[in-house]
Amino acid sequence: MNRNELTPRQIKEASRIMTSTEKIIRNAFEQASDYIRVIILGSSGSSKSTIANLIVGQKLKIKENEFGNIYLDAKNVPFHMGEEMISDTTIPNIYIDNEHRLLICDAPGFDDIRGVLQDIINAFAINLLFSEPCKIKILFAFSANEASIQSGRGIKVAQNIKRIAQ
6 MNRNELTPRQ IKEASRIMTS TEKIIRNAFE QASDYIRVII LGSSGSSKST IANLIVGQKL
66 KIKENEFGNI YLDAKNVPFH MGEEMISDTT IPNIYIDNEH RLLICDAPGF DDIRGVLQDI
126 INAFAINLLF SEPCKIKILF AFSANEASIQ SGRGIKVAQN IKRIAQ
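Residues 6 to 171, numbered by the numbering used here, are exactly what the sequence shown covers, in order.
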């Protein structure tokens, strides 16, 4: 079998995840149908969840892991944050801000390191975030590395902007 081909078991698991994802998103939409939807998009590991926590007013602490990498952390935050620039969000994390009438959506990332199947699931989830008519604000997150001259003059940023436009 070609390494890009999916097994029936993988397809069944992806279908289960997509069904669960759709229920979570639809439930949030029902609770806040007329709220402005703020969708945070970007590559996997570009700090979308950290930004989402800052938007909702979480106090974050600067920490250092055993390898000397600096990261932001907090306990009991609405949006789980990883310690490194790797894929962590699978299903969009959604926070309903009733005070400001906002639906904060921390989307899964583009170019997920977990492979093509996860990229398909992520694309499905992101598409759902745009599925119903409403006022939408897009916050595009990208790392300094993605925008740097050394990484090809921001080619990754340009690719992700094109994805967002599509």
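Using N, Cα and C, we set each Cβ at its ideal position, and we do this for glycine too.
Buried versus exposed call for residue i [16 or more other C-beta atoms within 10 Å across all chains shown]
| i | result |
| --- | --- |
| T24 | exposed |
| D111 | buried |
| K80 | exposed |
| K28 | exposed |
| F72 | exposed |
| G62 | exposed |
| A26 | Looking at the sequence itself, residue 26 is Thr, so the reference to Ala does not match. With 16 or more Cβ atoms within 10 Å of its Cβ, T26 is classed as buried. |
| M6 | Its pLDDT being 48, under 50, M6 is placed unreliably in this model, and the value from its coordinates should be taken loosely. Answer is exposed; the Cβ neighbour count stays below 16. |
| V121 | exposed |
| D39 | exposed |
Limits of the unbroken alpha helix (DSSP H) element including residue i
| i | result |
| --- | --- |
| I131 | V121 to L134 |
| K161 | I160 to A170 |
| A152 | A149 to A152 |
Start-to-end residues for the beta strand (DSSP E) that takes in residue i
| i | result |
| --- | --- |
| N98 | N98 to D102 |
For residue i: DSSP bridge partner residues
| i | result |
| --- | --- |
| A112 | The partner list for A112 (beta bridge, DSSP) is empty, contrary to what the question assumes. |
* To do: Can you check the region 7-73 for any beta strand (DSSP E) of at least 3 residues that lies completely inside it and give the ranges in chain order?
  => Qualifying beta strand (DSSP E) stretches, in chain order: 41-47 and 66-69.
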